[in-house]
Ligand code: SF4
Ligand code: SF4
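Chains as they are written, first to last, in this note's numbering: chain A, 375 to 684; chain B, 1018 to 1490.
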């Protein structure tokens, strides 16, 4: 064992000497030697058990068959096992039931962030607040084009939305346009004039936006009397909307505002159920299902919880 | 490299003069310390007995439950009638600080008291050595004789008995450790029916192996090569520190008894090497203070016995400060040593903090987190809405019902929290609160806002949380 106790004057040296300090031929301590051999052994065992020696294509596989991707899948399975009981219950619950259940609602709010980030955040922003001026609807306020109840949100998510406002470029004179722009801005501030209202009704705006200009959720026509702007409150932008409309195929300068459906099959089913019909009669086989029904419900609850849900 | 001519001028003997001081035991020999009676031996037993708490503590009951329990799965620490949750973990930091500084303070006053009398390494080693000397002879000579004797049934049975006893102690050590973390009685059952959970087996295995190897075989090697505290001791000592020390002035030159008589030309040390034989780390205190000394004082006992036998005054090896030994004046009193005073201050602060913490444990924990993305949102009537996540942890033993309220901001209203919130004991509840502020009331970007959680059903508790309300400029 570690016989460094040997008197240096009696131990032979390697002949190496630096400033009078000789390199003795004492063996290293035994614990050290043992650990050295053990580490060598460990390397050997490791080489046999794990992928190690690089070959022309790939490497040796190792007895354990370990790969990074397998480890990743195992981790995924673990997390899914934890989530499974929740996800199973979610599948059986309606969005409204999820919303009313503290535990499930908290689970959804905590676990849907990624799903929202992947599918929605690009347009609607991380917290339901899109980049100002981008023209995407805000999800966290109380102003809803098609309604902010949980069932309406599910409907919107499933079937998508595409509102339609015709362009009025051919129907309005320059002066009328100016007046209407002013009216819309005034209405938002609660200062609309008698003359403005008159023009509004004359030009038939009420057909969609309502006699009181508070909008129509059946059509997705926005409320013109509140402080929230569907696109922008800048006069030039208001003007553009009035002249060229939204999703008006006949006008090349129209605004495009289309929300895709994420589960058309679900949308058709909801529609059939509303009329008390068998959904099977409604399907035409072309319905897409980008997200599952459960995912739609989770997203609906998540969006509802931004603070604007009704 | 030096040239050969030059080389011949240097005597390697000079260079390697201190070679005897390199007497380092790197694991080759195992120290089997001789046992002698004396004051410090008694003190050591006393210090060791503190560890009975470790073995017996888990069986203490309080209110029908284990009195002290580190419940890791449920993240609770039970200490008699108090339950500490992770939120109060700062008290643990203070407790650790207290003991760390206590170690430093004690070290600077009287050396490695912890090592000598309390450290698990030396305590377990001492018990193991005791068993060993009982079975294989209680002096190095007898032990050697036992070792070199031919194998016989008697020798074999003694060796087997020794290892069996060692292993039993080692296993008890592991079991007792695990018992602090789960119901102790249930744990015994689980072990004996082989039903114990994986972590329990791992703890048992590691502690058994660790104890057996460290106390049975590595012994003082742990102090020399593994223990970080031993490396730090020199910075904690100063010239006033009391340490077991050999009075070289009185002892040297050492010399053996001549025909049983003291040699008057020599010093008091009769070179009997008794102090070396009893030393659990196998060092020679006569070489002065060194890293191996755990200040157990056993060499003092040994030397005092010898001094008594040779009719010389005791205290050739004694607790003495460097000043006393080398400058012949008393060590400075504690209150004149700034280092000790500062240690004392930190001790008092951390101790005070722990006491404060224990007496002020809150029955609930209330947190308000404002939404950051986005900070605020405008509603259709022009008002501004902020979103908050409210978290309330019920640390009482009863379910509670809570009513949330806001105050401190004129014109602000709370929405989405109309019902009382019900919270089970030990559970945390999370709800979302929406606060709206009328457009007319907005006059600054950031306004203070106070949330209050009032327990309606349950103990009379009301907690405030000061938060912020954000609005556009
Ligand atoms: S030198 Fe003395 S005090 Fe130090 S460890 Fe050895 S016996 Fe204990
Ligand atoms: S026990 Fe005392 S007398 Fe004996 S060698 Fe040690 S110091 Fe000297």
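Glycine included, every Cβ here is placed at the ideal spot set by N, Cα and C.
query                                                                                                                                                                                                                           : result
Using 8 Å as the cut-off, can you tell me whether the region 505–525 of chain A makes contact with the region 1386–1399 of chain B, which would need three or more C-beta pairs spanning the two stretches below that distance? : yes
Go ahead and pull the three-state DSSP assignment for residue 1088 of chain B.                                                                                                                                                  : strand
Cβ atoms of residue 1079 of chain B and residue 1098 of chain B: under 8 Å apart, would you say?                                                                                                                                : yes
Suppose only complete runs of 4+ residues qualify. What are the alpha helix (DSSP H) ranges in the region 1203–1279 of chain B, listed by chain order?                                                                          : 1215–1230, 1245–1253 and 1265–1268
Given 7 Å as the limit, tell me if residue 1312 of chain B has its C-beta closer than that to any heavy atom belonging to ligand 1.                                                                                             : yes
Do you know offhand how far residue 1453 of chain B's Cα is from residue 1206 of chain B's?                                                                                                                                     : 59 Å
Can we count residue 1295 of chain B as close to ligand 1, meaning its CB is less than 7 Å from some heavy atom?                                                                                                                : yes
Within 8 Å of any Cβ in chain A, is that where the Cβ of residue 1465 of chain B sits?                                                                                                                                          : no
What does residue 457 of chain A touch in chain B if you count any residue whose Cβ is under 7 Å from its own?                                                                                                                  : Chain B residues near residue 457 of chain A: none, gap ~18 Å exceeds 7 Å.
Taking only beta-carbon atoms, is residue 1287 of chain B less than 8 Å away from chain A?                                                                                                                                      : no
Just tell me which of B/1195, B/1164 and B/1230 has its CA closest to the CA of residue 1138 of chain B.                                                                                                                        : B/1230
Measure the alpha-carbon distance for residue 409 of chain A versus residue 1340 of chain B and round it to whole angstroms.                                                                                                    : 44 Å
Considering only residues of the region 494–565 of chain A, which uninterrupted alpha helix (DSSP H) runs meet the minimum length of 4 residues and lie entirely inside it, listed in chain order?                              : 495–498, 524–533 and 548–562
Which same chain residues, not among the five before or five after residue 1405 of chain B, have their C-beta less than 6 Å away from its C-beta?                                                                               : 1385, 1387 and 1450
What does a CB cutoff of less than 7 Å around residue 1420 of chain B pick up in its chain, not counting 5 residues either side in sequence?                                                                                    : 1437, 1471 and 1473
Please compile the residues from chain A whose C-beta is within a distance smaller than 7 Å of the C-beta of residue 1399 of chain B.                                                                                           : 601
How do the region 1253–1262 of chain B and the region 1328–1346 of chain B stand: do at least 3 beta-carbon pairs fall below 8 Å, yes or no?                                                                                    : yes
Just to check my reading of the structure: residue 473 of chain A and residue 675 of chain A have Cβ atoms closer than 8 Å, yes? What is that Cβ distance to the nearest angstrom?                                              : 6 Å
Going by beta carbon distance, what residues of the same chain come within less than 7 Å of residue 559 of chain A, once the five residues before and after it are set aside?                                                   : 607, 609 and 612
Excluding five sequence neighbours on each side, which residues of the same chain lie with their C-beta closer than 6 Å to the C-beta of residue 677 of chain A?                                                                : 513 and 527
Can you list the residues of chain B that residue 500 of chain A reaches, using a CB-CB cut of under 8 Å?                                                                                                                       : 1390
Would you kindly check if the distance between the Cβ of residue 1057 of chain B and the Cβ of residue 1315 of chain B is under 8 Å?                                                                                            : yes
Could you check what DSSP says for residue 1489 of chain B in three-state terms: helix, strand or coil?                                                                                                                         : coil
Please identify the residue among B/1351, B/1372, B/1402 and B/1244 whose C-alpha is closest to the C-alpha of residue 1000 of chain B.                                                                                         : Residue coverage of chain B in this structure runs from 1018 to 1490, which leaves residue 1000 of chain B outside it and unanswerable.
Tell me whether residue 1414 of chain B sits in a helix, a strand or coil according to DSSP, three-state version.                                                                                                               : coil
Does the separation of the CB atoms of residue 1142 of chain B and residue 1250 of chain B fall below 8 Å?                                                                                                                      : no
Should residue 1060 of chain B be listed as close to ligand 1, given that the test is whether its C-beta is under 7 Å from any heavy atom?                                                                                      : no
Buried or exposed, going by whether 16 or more other CB atoms sit within 10 Å of the CB of residue 542 of chain A?                                                                                                              : buried
So is residue 639 of chain A buried or exposed if we call it buried at 16+ other beta carbons inside 10 Å?                                                                                                                      : buried
What did DSSP end up calling residue 716 of chain A once you bin it into helix, strand or coil?                                                                                                                                 : Given a span of 375 to 684 for chain A in the structure shown, any question on residue 716 of chain A remains unanswerable.
Based on Cα-Cα distance, which residue from A/601, A/614, A/628 and A/655 lies nearest to residue 1456 of chain B?                                                                                                              : A/601
Can you name the start and end residues of the alpha helix (DSSP H) that residue 606 of chain A belongs to?                                                                                                                     : Segment: none, residue 606 of chain A is in no alpha helix (DSSP H) and carries neither H nor E.
Quick check: does the Cβ of residue 1323 of chain B come within less than 7 Å of any heavy atom belonging to ligand 1?                                                                                                          : no
For a contact defined as C-beta to C-beta under 9 Å, what are the partners of residue 594 of chain A on chain B?                                                                                                                : Neighbours of residue 594 of chain A on chain B: none; closest Cβ ~16 Å, over 9 Å.
Counting contacts by CB-CB distance shorter than 8 Å, is residue 1404 of chain B in contact with chain A?                                                                                                                       : yes
Looking at C-alpha atoms only, which residue of B/1215, B/1331, B/1095 and B/1483 is the closest neighbour of residue 1494 of chain B?                                                                                          : No answer is possible for residue 1494 of chain B: it lies beyond the span of chain B, which begins at 1018 and ends at 1490.
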